[in-house]
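Participant: Here my numbering runs 96 ahead of the position in the sequence shown, where the first position is 1. Here a beta-carbon is modelled for each residue, glycine too, at the ideal position from N, C-alpha and C. Can you keep this structure in mind? I'll have questions shortly.
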Amino acid sequence: MKVIINFILVMLMQVHLFGIDYDKEAKNIEDIFINVMQLYKDGKSKEARELTQSAYFSHFENLESGIRINLGQKKAYAMEKQFGDIRKAIKASQNEQILQAMIDNLNAEIKEVLPTIKGGAKLVAEKSEDNGLSAAGIEVSDNPWSDTLKQINADLQMVISAYDTKDAQAIKAAMNKIKFDLYRNTGLEIAIRRYATGRMDQMIQQIMGAIISENINLNKETFIQSIKDIDELIQTAVNKLPKESYALAPQTEVVEDKKVDYAPVVQNIKQKMADVLKLYESGNVSDAISDAGDIYFDEYEASGMENKIGAIDNPLKTATEASFSKIVSLMKSGASSDKIALEQEVLYSKLEASLEKTSGEIDGMALFIYALSIILREGFEALIIIAAVVAYLIKTGNKGHLNLVYSSVGVAIILSFVTAYAINLIFGVSLAGQSREILEGVVMLVATLLLFYVGFWLLSNAGAKKWSHYIQGHISDSLSSGDSKALWWTVFLAVYREGAETVLFYQALIFDASSSYDFSMIGAGFVTGVVALLIAYFIIKVFSLKIPIKPFFIATSAIIFYMSIVFVGKGVMELVEGKLFVPSIADGVPTISWLGIYPYYESLVPQFLMILALISGVFIIKKRELNFNKGE
Numbered sequence: 097m098k099v100i101i102n103f104i105l106v107m108l109m110q111v112h113l114f115g116i117d118y119d120k121e122a123k124n125i126e127d128i129f130i131n132v133m134q135l136y137k138d139g140k141s142k143e144a145r146e147l148t149q150s151a152y153f154s155h156f157e158n159l160e161s162g163i164r165i166n167l168g169q170k171k172a173y174a175m176e177k178q179f180g181d182i183r184k185a186i187k188a189s190q191n192e193q194i195l196q197a198m199i200d201n202l203n204a205e206i207k208e209v210l211p212t213i214k215g216g217a218k219l220v221a222e223k224s225e226d227n228g229l230s231a232a233g234i235e236v237s238d239n240p241w242s243d244t245l246k247q248i249n250a251d252l253q254m255v256i257s258a259y260d261t262k263d264a265q266a267i268k269a270a271m272n273k274i275k276f277d278l279y280r281n282t283g284l285e286i287a288i289r290r291y292a293t294g295r296m297d298q299m300i301q302q303i304m305g306a307i308i309s310e311n312i313n314l315n316k317e318t319f320i321q322s323i324k325d326i327d328e329l330i331q332t333a334v335n336k337l338p339k340e341s342y343a344l345a346p347q348t349e350v351v352e353d354k355k356v357d358y359a360p361v362v363q364n365i366k367q368k369m370a371d372v373l374k375l376y377e378s379g380n381v382s383d384a385i386s387d388a389g390d391i392y393f394d395e396y397e398a399s400g401m402e403n404k405i406g407a408i409d410n411p412l413k414t415a416t417e418a419s420f421s422k423i424v425s426l427m428k429s430g431a432s433s434d435k436i437a438l439e440q441e442v443l444y445s446k447l448e449a450s451l452e453k454t455s456g457e458i459d460g461m462a463l464f465i466y467a468l469s470i471i472l473r474e475g476f477e478a479l480i481i482i483a484a485v486v487a488y489l490i491k492t493g494n495k496g497h498l499n500l501v502y503s504s505v506g507v508a509i510i511l512s513f514v515t516a517y518a519i520n521l522i523f524g525v526s527l528a529g530q531s532r533e534i535l536e537g538v539v540m541l542v543a544t545l546l547l548f549y550v551g552f553w554l555l556s557n558a559g560a561k562k563w564s565h566y567i568q569g570h571i572s573d574s575l576s577s578g579d580s581k582a583l584w585w586t587v588f589l590a591v592y593r594e595g596a597e598t599v600l601f602y603q604a605l606i607f608d609a610s611s612s613y614d615f616s617m618i619g620a621g622f623v624t625g626v627v628a629l630l631i632a633y634f635i636i637k638v639f640s641l642k643i644p645i646k647p648f649f650i651a652t653s654a655i656i657f658y659m660s661i662v663f664v665g666k667g668v669m670e671l672v673e674g675k676l677f678v679p680s681i682a683d684g685v686p687t688i689s690w691l692g693i694y695p696y697y698e699s700l701v702p703q704f705l706m707i708l709a710l711i712s713g714v715f716i717i718k719k720r721e722l723n724f725n726k727g728e
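Written out as structure tokens, the structure reads:
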């Protein structure tokens with residue numbers, strides 16, 4: 097049990113829920129943005145964008161888990177989006193004052209959520225230092241008007257920045273947005289008039305009208321005071337609104353469309369990839385590589401497209417991911433722009449194929465087939481290992497150790513659900529990409545080591561001459577002295593590495609269900625798949641028991657060696673897709689997914705070394721067997 101607990105802690109350590117200094121992370125973000133503004137003022141927009149990105153990935157992601165858990169996915173996404181908006185503003189050479197206002201607003205929101213994510217307390221905003229404007233002074237978790245209030249506050253900051261630059265058009269546009277989009281169209285105007293006072297609504301609208309009409313003709317003192325009056329009047333009115341008014345408020349929950357149209361996602365990817373190619377051709381290789389990686393996570397994974405395709409056609413998903421990685425690798429190797437453009441076309445063709453599979457309505461029978469294929473596809477590899485270990489234990493007279501197989505399978509299944517739940521809870525259904533890829537890669541590589549060890553162990557046992565004596569003696573001793581742990585972990589990792597991803601695939605499939613019939617078809621597909629796997633398990637086990645023991649050991653070790661070589665290739669690719677490093681391309685090497693072969697030195701070299709080790713090991717085992725036979 098202690099070993100299991102330690103493993104859980106290691107595997108879930110990446111989520112960073114515990115031990116994070118939230119205040120320090122917030123301060124780091126604030127300090128980074130000071131440097132961002134300085135770089136921007138110095139004309140170094142590229143460096144400013146890179147620093148903004150580092151603020152998000154290195155620091156905000158550590159805050160995001162707490163925000164998502166305590167304040168919901170919508171709040172976390174809204175704050176995350178502001179980092180992207182700031183990057184876009186830098187790239188578009190936005191006015192310095194407006195950019196500073198965007199940064200100040202984000203910093204203010206981060207400070208505002210700190211009490212909640214640190215201690216779970218109600219969120220009550222502090223007075224802002226910027227021109228006396230404050231964020232919503234209400235309990236966010238209870239009052240659904242809080243999001244509207246924050247948006248109004250952020251846009252009022254923009255109005256002040258526009259006044260400082262004497263941009264009359266920007267002032268008019270921002271004030272019209274506040275008046276019509278945020279105040280009127282959200283229902284806040286009606287709520288204040290109905291549940292607060294009509295007089296308060298009149299005052300708010302009069303001041304808004306004066307700012308729109310007078311604009312930059314107002315002196316600064318009057319202008320700032322008018323903005324503060326709007327802010328304070330709306331906040332006072334909102335604080336007076338009773339719960340009966342909440343029905344008028346915009347929905348605060350994220351409502352996900354079950355029939356997602358991924359056409360805009362594909363279009364965005366194409367447009368951004370075209371920009372990446374332009375960057376590469378202009379000599380900005382590091383920017384191009386960074387942006388290409390962002391496209392994979394920000395568009396393909398964050399949109400939910402990856403999980404949806406994984407649920408429907410996993411080989412297509414894998415091929416698409418490989419194409420993204422190859423584009424990055426080609427740029428790293430200094431390939432010609434024509435070669436990169438050609439690989440981009442390959443990517444586009446895969447995305448178009450994905451679009452065809454996700455477009456249109458999915459009927460109940462299709463859901464059944466997809467649900468069936470997921471469990472068969474993801475479960476078969478694990479099934480082979482489980483059946484081989486069980487057959488081995490029975491064949492060698494170690495039935496008493498079968499409980500280690502059953503316990504490892506049970507723990508792996510439970511942890512698969514726990515991991516999938518943690519990923520969704522902390523990162524959201526579609527925002528877990530990078531951390532999940534790294535977790536899967538690490539699990540695969542650890543599994544590779546165990547499989548390689550078990551494979552050699554079985555192969556060495558295959559050389560024993562007197563089987564009955566060997567089985568009753570050496571193997572029983574071996575299992576009792578530690579190899580049983582290796583078998584436990586081998587089975588556990590074989591199941592666990594597939595488990596969490598399987599849960600996420602089913603979750604993506606469930607989003608397409610729109611009726612009880614659809615849900616029942618998904619359930620029927622899953623149950624049918626489980627029954628099919630159980631039948632396959634018993635067939636493999638019975639067949640294995642009928643094979644003479646020496647050929648059985650050799651065949652089992654061969655299967656395990658094959659899977660270990662596949663795992664190392666796929667494990668390295670998961671780390672590549674998790675942006676742990678940029679791979680180095682090996683020209684002329686094809687992608688063969690079922691063999692775990694990918695055209696990158698980082699995966700090919702360890703696979704080559706494993707094959708060398710295997711060949712050397714076979715010679716050593718054969719030599720020992722010959723010496724053993726001579727000594728008899």
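#1: I'd like to check one pair, residue 667 with residue 475: are the Cβ atoms closer than 8 Å?
#2: For residue 319, count neighbouring C-beta atoms within 10 Å of its own C-beta (all shown protein chains included) and say buried if the count is 16 or more, exposed if not.
#3: So, do the segment 638 to 657 and the segment 674 to 685 have three or more beta carbon pairs nearer to each other than 8 Å?
#4: Can you tell me whether DSSP reads residue 717 as helix, strand or coil?
#5: Shortest alpha-carbon distance to residue 670 belongs to which of 418, 297, 179, 408?
#6: Please list, in chain order, all residues of the same chain as residue 307 whose beta carbon is under 6 Å from its beta carbon, the five residues on each side excluded.
#7: What beta strand (DSSP E) runs, 3 residues minimum, are completely inside the segment 617 to 665?
#8: What's the C-alpha gap between residue 655 and residue 412?
#9: Going along the chain, which residues of its own chain have a beta-carbon closer than 8 Å to the beta-carbon of residue 273, five neighbours each way excluded?
#10: Can you give me the start and stop residues for the alpha helix (DSSP H) that residue 436 sits inside?
#11: Secondary structure at residue 696, three-state DSSP: helix, strand or coil?
#12: So is residue 384 buried or exposed if we call it buried at 16+ other beta carbons inside 10 Å?
#13: Does the beta carbon of residue 367 sit closer than 8 Å to a beta carbon anywhere in chain C?
#14: Would you mind giving the Cβ-Cβ distance between residue 332 and residue 284, rounded to the nearest angstrom? I have them listed as a contact below 8 Å.
#15: Are the beta-carbon atoms of residue 680 and residue 697 separated by less than 8 Å?
#16: Run through the DSSP bridge pairs and tell me what residue 307 is partnered with.
#17: Who are the near neighbours of residue 203 in its chain, counting only those whose CB is closer than 6 Å to its CB and skipping five residues on each side?
#18: Can you tell which of 179, 159, 399 has its C-alpha closest to the C-alpha of residue 211?
#19: Is it true that the CB of residue 586 sits closer than 8 Å to the CB of residue 550?
#20: Give every residue of the same chain whose Cβ lies closer than 6 Å to the Cβ of residue 191, excluding the five residues on either side of it in the sequence, and list them in chain order.
#21: In whole angstroms, what is the alpha-carbon distance linking residue 302 and residue 309?
#22: Taking the alpha helix (DSSP H) that residue 474 belongs to, which residues open and close that run?
#23: On the criterion of 16 or more Cβ atoms from any shown chain inside 10 Å, does residue 704 qualify as buried, or is it exposed?
#24: Quick check: what's the CA-CA separation for residue 207 versus residue 122?
#25: Looking only at its chain, what residues have a beta carbon closer than 7 Å to the beta carbon of residue 588, apart from the 5 residues adjacent to it on each side?
#26: Going by the beta-carbon positions, is the gap between residue 175 and residue 205 smaller than 8 Å?
#27: Closer than 8 Å is the cut-off here; do at least three beta carbon pairs connect the segment 479 to 496 with the segment 626 to 633?
#28: Could you tell me whether the Cβ atoms of residue 337 and residue 241 are closer together than 8 Å?
#29: Return the CA-CA distance between residue 98 and residue 179, expressed in angstroms with no decimal places.
#30: Give the straight-line distance between the Cα atoms of residue 617 and residue 682, rounded to the nearest whole angstrom.
#31: Quick one: grab the DSSP three-state call for residue 232.
#32: Between which two residues does the alpha helix (DSSP H) carrying residue 332 extend?
#33: Measuring CB to CB, does residue 312 end up less than 8 Å from residue 359?
#34: Tell me where the alpha helix (DSSP H) around residue 361 begins and ends.
#35: Beta carbon of residue 423, beta carbon of residue 416: below 8 Å?
Facilitator: Reading from the atomic positions:
#1: no
#2: buried
#3: no
#4: helix
#5: 418
#6: 271, 322
#7: none
#8: 25 Å
#9: 251
#10: 433 to 454
#11: strand
#12: buried
#13: Within the model displayed, chain C is absent; a lone protein chain is all it includes.
#14: Not really, about 13 Å apart at Cβ, beyond 8 Å.
#15: yes
#16: According to DSSP, residue 307 bridges with nothing at all.
#17: 126
#18: 159
#19: yes
#20: 261
#21: 11 Å
#22: 460 to 491
#23: exposed
#24: 7 Å
#25: 504, 507, 508
#26: yes
#27: yes
#28: yes
#29: The pLDDT assigned to residue 98 is 44, lower than 50, so where the model puts this residue is not dependable; a value taken from the coordinates is nonetheless given after this. Cα to Cα, residue 98 sits roughly 41 Å from residue 179.
#30: 44 Å
#31: Confidence at residue 232 is low in this model, with a pLDDT of 39, below 50, so its placement is unreliable and the value that follows should be read with caution. Three-state DSSP puts residue 232 in coil, outside helix and strand.
#32: 316 to 336
#33: no
#34: 359 to 377
#35: no
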